[in-house]
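In the numbering used here, the protein residues as written are 986 to 1125.
Glycine included, each C-beta is placed from N, C-alpha and C at the ideal position.
The structure presented is a predicted model; accordingly, all values stated were derived computationally and were not measured.
Encoded structure:
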């Protein structure tokens, strides 16, 4: 389906696509209008909507088993012996987060990205995508 829609756009046709699968929408659409309960909650270019989000995700992978508990206002989304995924405010300095992680162990991978479209939607309508760290308030 994705290939068919993209072929239509490449052929110069305008395509109106409606879906609840926001990851698919993000893959094939440049501009979106997202509606919840009959009201527009987000609209614009997908990249800009994601970049305007108030939070980011950092994923850190360590060379070996490492226990890292990040400093500051950080929500741990998931963690195992060798990796941690955290949610932070958009203004967080990624280099400071990386330095903090490096104090715990040898970092072999680090990424700092805006949330995907479905996560931005959930935040925009007041529903959280996760509640993993009960000791901290969700980033809003």
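Asked	Found
Cβ pair count under 8 Å reaching 3, the region 1064 to 1071 against the region 1047 to 1054	yes
C-beta atoms of residue 1103 and residue 990 nearer than 8 Å	no
Cβ contact (3+ pairs, closer than 8 Å) linking the region 994 to 1012 and the region 1081 to 1093	no
Bounding residues of the alpha helix (DSSP H) (the contiguous stretch that carries residue 1060)	Unbroken run through residue 1060 is the beta strand (DSSP E), 1059 to 1064; no alpha helix (DSSP H).
From 1029, 1022, 1023, residue whose alpha carbon lies closest to that of residue 1016	1029
Exposure of residue 1082, with buried meaning 16 or more beta-carbon neighbours within 10 Å	buried
Cβ separation of residue 1042 and residue 1074, assumed to be a contact under 8 Å, to the nearest whole Å	In fact, because the Cβ distance is near 12 Å, the residues do not count as touching under 8 Å.
Endpoints, alpha helix (DSSP H) assigned at residue 1001	It is not in any alpha helix (DSSP H) - residue 1001 carries neither H nor E in the DSSP assignment.
C-beta atoms of residue 1101 and residue 1011 nearer than 8 Å	yes
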